[in-house]
Amino acid sequence: MPREILLGDEAVALAAVHAGLSGAYSYPGTPASEVMEFLLAAAAGGGFRAAWSVNEKTAFEEALGCSFAGKRALVSFKHVGLNVAADPFMSSALTGAGGGLVVVSADDPGMHSSQNEQDSRFYARFAQIPCFEPADHQAAYDLTREAFDHSEKVGLPVMVRLVTRLAHSRAGVEIQAARPANTLRLGSRRAWTLLPSNARAQFRRLLDLQPSLVRYAEASPWNSLDLNPADRSLGIIASGIAANYVRENRSAGPDRPSLLQLSVYPLPEALIRELVAHCRTILVVEEGYPFIEREVKGMFGLPGKTVLGKLSGHLPLMGELTPEAVRAALGQEPLPRRDTAGLKLAARPPQLCLGCPHGDAFKALNEALEGFPGGNVFSDIGCYTLGYFAPYDAIDTCVCMGASLGMARGAAEAGVFPSVAVIGDSTFGHSGITPLLGAAAVDANMVVVILDNGTVAMTGTQPSFAAGGRLLRIIEGVGVDPARIRVLTPLPKNHRENVRLLREEIARPGLSVVVFVRECLEEAKKKTKTGGLS
Amino acid sequence: MSAPARQDIILAGVGGQGILSIAAAIAGAALKRGLNVKQAEVHGMAQRGGAVQSHLRLSADRIWSDLIPRGGADLILGVEPLEALRYLDYLAPEGRIVASSKPHLNIPDYPDLEAILGEIRKIPGSVVVEAESLARAAGTARAQNIVILGAASRFLIVDEAGLRENVRGLFEKRGESVLAANLKAFDLGRGAV
Numbered sequence: 004m005p006r007e008i009l010l011g012d013e014a015v016a017l018a019a020v021h022a023g024l025s026g027a028y029s030y031p032g033t034p035a036s037e038v039m040e041f042l043l044a045a046a047a048g049g050g051f052r053a054a055w056s057v058n059e060k061t062a063f064e065e066a067l068g069c070s071f072a073g074k075r076a077l078v079s080f081k082h083v084g085l086n087v088a089a090d091p092f093m094s095s096a097l098t099g100a101g102g103g104l105v106v107v108s109a110d111d112p113g114m115h116s117s118q119n120e121q122d123s124r125f126y127a128r129f130a131q132i133p134c135f136e137p138a139d140h141q142a143a144y145d146l147t148r149e150a151f152d153h154s155e156k157v158g159l160p161v162m163v164r165l166v167t168r169l170a171h172s173r174a175g176v177e178i179q180a181a182r183p184a185n186t187l188r189l190g191s192r193r194a195w196t197l198l199p200s201n202a203r204a205q206f207r208r209l210l211d212l213q214p215s216l217v218r219y220a221e222a223s224p225w226n227s228l229d230l231n232p233a234d235r236s237l238g239i240i241a242s243g244i245a246a247n248y249v250r251e252n253r254s255a256g257p258d259r260p261s262l263l264q265l266s267v268y269p270l271p272e273a274l275i276r277e278l279v280a281h282c283r284t285i286l287v288v289e290e291g292y293p294f295i296e297r298e299v300k301g302m303f304g305l306p307g308k309t310v311l312g313k314l315s316g317h318l319p320l321m322g323e324l325t326p327e328a329v330r331a332a333l334g335q336e337p338l339p340r341r342d343t344a345g346l347k348l349a350a351r352p353p354q355l356c357l358g359c360p361h362g363d364a365f366k367a368l369n370e371a372l373e374g375f376p377g378g379n380v381f382s383d384i385g386c387y388t389l390g391y392f393a394p395y396d397a398i399d400t401c402v403c404m405g406a407s408l409g410m411a412r413g414a415a416e417a418g419v420f421p422s423v424a425v426i427g428d429s430t431f432g433h434s435g436i437t438p439l440l441g442a443a444a445v446d447a448n449m450v451v452v453i454l455d456n457g458t459v460a461m462t463g464t465q466p467s468f469a470a471g472g473r474l475l476r477i478i479e480g481v482g483v484d485p486a487r488i489r490v491l492t493p494l495p496k497n498h499r500e501n502v503r504l505l506r507e508e509i510a511r512p513g514l515s516v517v518v519f520v521r522e523c524l525e526e527a528k529k530k531t532k533t534g535g536l537s
Numbered sequence: 382m383s384a385p386a387r388q389d390i391i392l393a394g395v396g397g398q399g400i401l402s403i404a405a406a407i408a409g410a411a412l413k414r415g416l417n418v419k420q421a422e423v424h425g426m427a428q429r430g431g432a433v434q435s436h437l438r439l440s441a442d443r444i445w446s447d448l449i450p451r452g453g454a455d456l457i458l459g460v461e462p463l464e465a466l467r468y469l470d471y472l473a474p475e476g477r478i479v480a481s482s483k484p485h486l487n488i489p490d491y492p493d494l495e496a497i498l499g500e501i502r503k504i505p506g507s508v509v510v511e512a513e514s515l516a517r518a519a520g521t522a523r524a525q526n527i528v529i530l531g532a533a534s535r536f537l538i539v540d541e542a543g544l545r546e547n548v549r550g551l552f553e554k555r556g557e558s559v560l561a562a563n564l565k566a567f568d569l570g571r572g573a574v
């Protein structure tokens, strides 16, 4: 078999291509972006459609439409992207899938590049759909292929849950022969029109499918039970990449603990029962929240058994797992370590690039606000969130995609003045248009600052749908008074004029939109490198 | 003497210094030798001028964890001295550091440089390389990462020819002068140890 070196994200993407993919949709977000980056490059050869979407909800719906048409579809995003897509996601469990529909949700335990570390497995259980959680790159490839087959067979979307360390790690993958794409075959009106009468029947179908999903997980070779007949003291349940940390540390001797390795959900109850019956102490090792541990332990624990894991304090409840944390949970001595003997190493947080247009915009905004005590700057998700740090100290909030506008309006209506929203062009396209529509309708007393650098910079300069002339037409189109739309260029030479104009808009009652337009430095660099072709 | 069949390497630097490029060069050479490779990378927010690191594991046997355990790294390669020292708790008792002497000063509270370099030199077998001046001598200050790779080639379990071939692969599309400068940077780094 041919072997390729791939990121975990790329292994998933290549598997989708080989599984007969017809359509793939996504919105950029770490650690999921490279799934679509790989598919875009692969799609250049023809055979399927791959595209960035305006947000995760639209991406999900585009994939769902492809599945409705009988074709295989992939939708990928970071964990919090699934919150945005949660509405179609939850109901897709009722419509079911036509062509295989695989939902890739990449979690970020440790919050390397995220605002929370929510665990996508809860969403799969919430929707009552299968979830595959690969332990390594080969499994990411094999299980993604299997996810398409499983999805078609049971007529449900299937989630592939990744975590940062697999998504952004490289290793060799053996690939299999590609399968052709499906032919067009439309879904039935009754199943796909979720009027209450139809939805009840579809929900019944989903509930009736559950036992067969558990049986599938119990029979899956990806859920493997290794009981040590010679030792009944310790049994380990390890899921996804957590199993690697266990195998890295587990002794191979006659006293080795029994191990149930899990990658296919819903939980294989029979296998868990067998392990629990065999062992006195059960250690649950999982990346993310204590999902399996809570389920195994229940509210009252297991009589005569001890269940260890995150809830018991044997593993940390937050952050990502490490080989050494799992080593300690297995009761082994830590490896000897060195330290810098009191020499304090300064932290080096990420920061805006030298000469970044956002820096000039923040300098102007800070100065413009100087004459207005009591103001607040609500910000959003992107490179400009780094405006939180010195020397800017320019923003006071960051919650989720698009929150800046809604929060600025709510705060303004609660009495905050000046109330300023700061949002980038792509984030505005993702989730800023609807709150602006609402704010324009009531002429909310706030200033919306849109930082238009023409790209999705933080995640690697993917295309923005709401930049340049289109952005200005959107702002006007949702009802903002054209006299209250300012377009400024964030450059040091314009600083004084920009401060003056911002002050003017802050002082005027009602809604103003100030657009700072200047190309991202990374984007400009990319164009130079590729001779302007990208 | 046959080379050992496994090596765990931490690569450290600041976003934009080319950590991932030298990780890829080593990984490529290891694959050529028939070794298994796992390489954990940092993408996203941290790449904006922040501390970045990569865990690179090479082994003839199956590699389980993507991360190197603290206290388990054979080698730390630092394209920046503070960043090299940041991962000291990953270094095994017999491990060593190969680091650039050139600080990247994009933070207000950078510690005393001599103290940093002193700590690195205290680790037996460790090497501090004048990566910036060597890179300039090779023709481009941007090649500090390749200087460090060249210096590290003395201690890596993959062979020099394989590494050079991968350096070539990284830069041959950027034009002849860029390629020549990086190959020179590799040789100057190797010569500095």
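Order-wise, the sequence lines are chains A and B.
The first sequence begins at 4 in our numbering and counts up by one.
The second sequence begins at 382 in our numbering and counts up by one.
Just so you know, even glycine gets a beta-carbon here, dropped at the ideal spot from N, CA and C.
Helix, strand or coil at residue i according to DSSP, with G and I counted as helix
i: Asn-417(B); result: strand
i: Asp-152(A); result: helix
i: Phe-468(A); result: coil
i: Gly-307(A); result: coil
i: Asn-487(B); result: coil
i: Phe-80(A); result: strand
i: Arg-341(A); result: coil
i: Ile-8(A); result: strand
i: Asp-69(A); result: For the sequence presented, residue 69(A) should be read as Cys rather than Asp. Note: Cys-69(A) maps to helix in three-state DSSP.
C-beta neighbour in chain B for residue i, strict 9 Å
i: Gly-256(A); result: no
i: His-433(A); result: no
i: Tyr-30(A); result: no
i: Leu-536(A); result: Reliability of the predicted coordinates at Leu-536(A) is poor, the pLDDT of 41 falling under 50, and the value obtained from them is presented with this limitation in mind. Taking Cβ atoms only, chain B never reaches closer than 9 Å to Leu-536(A), which makes this a no.
i: Ser-266(A); result: no
i: His-115(A); result: yes
i: Ser-172(A); result: yes
Backbone CA spacing between residue i and residue j [nearest angstrom]
i: Gly-472(A); j: Val-490(A); result: 11 Å
i: Val-423(A); j: Pro-462(B); result: 41 Å
i: Ser-534(B); j: Leu-544(B); result: 8 Å
i: Asn-448(A); j: Leu-372(A); result: 15 Å
i: Asn-369(A); j: Leu-475(A); result: 24 Å
i: Asp-152(A); j: Gly-103(A); result: 7 Å
i: Asp-455(A); j: Asn-487(B); result: 25 Å
i: Ser-56(A); j: Glu-272(A); result: 38 Å
i: Ile-407(B); j: Arg-168(A); result: 20 Å
i: Ile-426(A); j: Tyr-126(A); result: 28 Å
Candidates the options, of which the one nearest residue i by Cα
i: Val-329(A); options: Cys-356(A), Gly-345(A), Ser-254(A) and Pro-183(A); result: Ser-254(A)
i: Leu-448(B); options: Leu-10(A), Asp-428(A), Thr-325(A) and Val-38(A); result: Thr-325(A)
i: Ala-96(A); options: Thr-61(A), Cys-134(A) and Gln-121(A); result: Cys-134(A)
i: Thr-430(A); options: Ala-397(A), Thr-388(A) and Asp-446(A); result: Thr-388(A)
i: Ile-529(B); options: Leu-569(B), Leu-439(B) and Gly-550(B); result: Leu-569(B)
i: Ala-364(A); options: Leu-85(A), Arg-499(A) and Gly-301(A); result: Arg-499(A)
i: Ala-460(A); options: Val-157(A), Ile-436(A), Cys-356(A) and Val-518(A); result: Cys-356(A)
i: Pro-495(A); options: Phe-519(A), Val-481(A) and Arg-148(A); result: Phe-519(A)
i: Leu-551(B); options: Ser-402(B), Pro-484(B) and Ser-558(B); result: Ser-402(B)
C-beta atoms of residue i and residue j nearer than 9 Å
i: Val-217(A); j: Pro-269(A); result: yes
i: Gly-311(A); j: Val-279(A); result: One detail in the question is off: residue 311(A) reads as Leu in this sequence, not Gly. Cβ atoms of Leu-311(A) and Val-279(A): not closer than 9 Å.
i: Gln-205(A); j: Gly-99(A); result: yes
i: Gln-388(B); j: Ala-404(B); result: no
i: His-171(A); j: Glu-37(A); result: yes
i: Ala-109(A); j: Leu-165(A); result: yes
i: Ile-478(B); j: Ser-507(B); result: yes
i: Asn-252(A); j: Leu-333(A); result: yes
i: Ala-393(B); j: Ile-444(B); result: no
i: Leu-274(A); j: Ala-241(A); result: no
Cβ of residue i within 9 Å of any chain A Cβ
i: Pro-505(B); result: no
i: Glu-500(B); result: yes
i: Glu-495(B); result: no
i: Arg-326(B); result: Shown here, chain B extends from 382 to 574; a query on residue 326(B) therefore has no answer.
i: Ala-386(B); result: no
i: Gln-398(B); result: no
i: Gln-434(B); result: no
i: Met-382(B); result: No answer about Met-382(B) holds up, because its pLDDT of 42 lies below 50 and its placement is not dependable.
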